[in-house]
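The opening position of the sequence shown corresponds to residue 310 in this note's numbering, with each subsequent residue numbered one higher. Each residue gets a CB set at the ideal place from its N, CA and C atoms; glycine is no exception. Worksheet for the structure shown next.
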Amino acid sequence: MNDPQNPSLAAIVQRASAERVFNFSPGPATLPTEVLQQAAEEMLSWRGTGVSVMEMSHRSKEFESIHQQALDDLRELLQVPKSFRILFLQGGAIGENAIVPLNLIRRASAEKPKADFVITGTWSVKTEQETRRYGDVHIAASSKEQRYVRIPDVSAWNLSGDASYVHLCTNETIVGVEFQQVPDIGQAHGRVVVADASSHILSRPIDWDRVQVVYAGAQKNIGPAGVTIVIVREDLLGFAHPLCPSAFNWRIVNEHNSMYNTPPTYAIYIAGLVFQWLKRQGGVQGIEQRNIAKAKALYDFLDQSAFYRNEIDPSCRSRMNVPFFLADESRNDAFLAGARANGLLQLKGHKSVGGMRASIYNAMPFEGVAALIDYMREFERSAA
Ligand code: PMP
């Protein structure tokens, strides 16, 4: 049984669990160890079926139960109203940058399709550029001139009256700004707000009176890359361009309960385990309190230091992605090497921003943030 040459699966899982480090990657990102352990235990034979989830027909009753449970749990966690549909697609958030206009941009006018954009960082720029291939884009506001350190005040947004939708990126993963609240921009008058929530979905509640479409790639707060979540108000399902691929046509996908084509079954299974883990953490309300505590600890530490700095306006700092700089950038490599040696991985900032970035998604425990702060304090002291 305890032959070191031939360890049991339980022994392998136990040893690998002890090797785990704090991984601050922006995505694919850290997952709860409990979830990975459960997946390891269920890998070869899912609940007595003799097959792994990867090997099951997506039409089997076993997979259908996994799929439906994941949909139900996600609906419960985000308190998605009945009037919204939850779709599991593929193609990631960049795929959605084309899929959203293909489904929605003709809503207001098939002749002059148009979307409004609020530009708050790298990802909203990228989305806006892709959207231009499908219709006109109107920039209602942009913080580019302020180097994206704050979200433009809603009173200064110049929204057009005839756009099919307004696009927001509600958490900018690279620059590190986050909408603390989606503004009420008159959806009551027929405006449709589309939110790219890839990097903060499930970290805080969503106000469904203020957004009508939410999309997110999975690989930050949900599970492995490969499944893309789209949550869309039901009355917005019928506007797709005739050339929209069927597998990306929200109406068709909805009619088939996200089984129009073979869904990314294993990614959905892991996402489902993450949803169950989240429910054990007290749901979105519970995890939000932990996220607030983690972000506060890290920003408070940065703000009291002259050695490190975060440049984002405190009113819109992201709870999920915390970029920071060393005052002396010549120490960057030493900082990263020391971090790695202390089991703190993936802290290098995005190449377009430089410096460092700590991504502290739902699955990053408070201890990970505390270990990062301890290391940063020690690095500063040893550099003095
Ligand atoms: N939007 C945001 C906010 C993101 O953070 C990312 C990925 N980092 C994307 C879009 C692109 O996602 P994907 O690579 O899954 O297409």
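Item                                                                                                     : Value
Cβ separation of alanine 643 and arginine 618, assumed to be a contact under 8 Å, to the nearest whole Å : Going by Cβ atoms, the distance from alanine 643 to arginine 618 rounds to 18 Å, so no, they are not a contact pair.
Nearest residue (CA-CA) to valine 662, options Asp493, Tyr457, His447 and Ile494                         : Tyr457
Exposed unless 16 or more other CB atoms sit within 10 angstroms - verdict on serine 668                 : buried
Backbone CA spacing between methionine 365 and glutamate 350 [nearest angstrom]                          : 17 Å
For arginine 589 and glutamate 385, the rounded distance between their alpha carbons                     : 13 Å
Assigned exposure category for glycine 591 - 16 Cβ within 10 Å defines buried                            : exposed
Alpha carbon of glutamate 597 to alpha carbon of aspartate 312, nearest angstrom                         : 44 Å
With 16 other Cβ atoms within 10 Å as the buried cut-off, status of phenylalanine 557                    : buried
Cβ pair count under 8 Å reaching 3, the segment 495-510 against the segment 457-475                      : yes
Enclosing beta strand (DSSP E) for alanine 424 [first to last residue]                                   : 423-428
8 Å Cβ shell around methionine 352 - same chain, five flanking residues per side excluded                : Ser361
8 Å contact criterion, which asparagine 406 and serine 508 should meet: CB distance rounded              : Actually they are not in contact, since the Cβ atoms of asparagine 406 and serine 508 sit about 15 Å apart, beyond 8 Å.
Beta-bridge pairing of cysteine 478 - partner residues as DSSP gives them                                : Asp505
Segment contact flag, the segment 322-333 with the segment 648-657, C-beta cutoff 8 Å, min 3 pairs       : yes
Any non-hydrogen atom of the ligand PMP within 8 Å of glutamate 481 CB                                   : yes
The segment 559-574 in contact with the segment 603-617 per 3-pair CB rule at 8 Å                        : no
Residue burial classification, threonine 436 (beta-carbon count within 10 angstroms, cutoff 16)          : buried
Three-state secondary structure assigned by DSSP to glycine 526                                          : strand
Option in Tyr684, Tyr578 and Thr571 with minimal Cα separation from phenylalanine 610                    : Tyr684
Length-filtered (3 minimum) beta strand (DSSP E) runs lying within the segment 531-565                   : 537-542
Boundaries of the beta strand (DSSP E) in which aspartate 516 is found, first to last residue            : First-last for aspartate 516: undefined, no H or E at that position.
Under 9 Å between C-beta atoms of tyrosine 443 and proline 492                                           : no
Three-state secondary structure (DSSP) of phenylalanine 372                                              : helix
Glycine 526 CB to nearest heavy atom of the ligand PMP below 8 Å                                         : yes
Unbroken stretches of the beta strand (DSSP E), 3 residues or longer, contained in the segment 372-453   : 393-398, 423-428 and 445-451
Cβ-Cβ distance between aspartate 382 and glutamine 585 below 9 Å                                         : yes
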